[in-house]
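Participant:
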Amino acid sequence: MLTWILLIIVLAALVVVGTWSWGKIFGRGEVLAPMPEPKTTVEHNRRLVDGGDVADVRFELATRGYRPAQVDDVLDQLHRRLLETTAERDALRARLGEITGEGRAEKNYGTSPRSIE
Numbered sequence: 001m002l003t004w005i006l007l008i009i010v011l012a013a014l015v016v017v018g019t020w021s022w023g024k025i026f027g028r029g030e031v032l033a034p035m036p037e038p039k040t041t042v043e044h045n046r047r048l049v050d051g052g053d054v055a056d057v058r059f060e061l062a063t064r065g066y067r068p069a070q071v072d073d074v075l076d077q078l079h080r081r082l083l084e085t086t087a088e089r090d091a092l093r094a095r096l097g098e099i100t101g102e103g104r105a106e107k108n109y110g111t112s113p114r115s116i117e
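Numbered per UniProt numbering, the sequence shown finishes at 117, counting up by one with no gaps.
(1) For ALA105 and LEU96, I'd like the C-alpha separation in whole angstroms.
(2) Check the DSSP bridge columns for LEU61 and list the partner residues they point to.
(3) Using only the alpha-carbon positions, how far apart do ILE5 and VAL15 sit?
(4) Taking the beta carbon of ASP73 as the centre, do at least 16 other beta carbons fall within 10 Å, making it buried, or is it exposed?
(5) So, with DSSP's three-state summary, where would you put ASP73?
(6) In three-state DSSP terms, what is ASP56?
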């Protein structure tokens, strides 16, 4: 009976010493830097979208993907920029139509076959 008790004590000591030495040799894992505040990420993404640099937009990871509020904000921002650009294009086409005397500019949402050549 005494042999079993000594064996258990020795095994427990080996586990403690092994765990301590493993932690000293390989470390306990690196601590990651904290994520930036969500408002900082949202503002950063808004500046990128306003500057036309959509390729660098980043989202924070959440439990099941990206944070929906950040994705929705970027989509709203892109939608606003698209509406502004479309309105500006239509105004320029109307102005071009007035200058060239056509009366109205042709509404073409793609590229014309003549410009592809």
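We put the beta carbon where it would ideally sit given N, CA and C, even for glycine.
Facilitator: If we stick to the structure as given:
(1) Confidence at ALA105 is low in this model, with a pLDDT of 48, below 50, so the placement of that residue is unreliable and no value is reported for it.
(2) Bridge partners of LEU61: TYR66.
(3) Inter-residue distance for ILE5 and VAL15 is about 15 Å (C-alpha atoms, whole angstroms).
(4) buried
(5) helix
(6) helix
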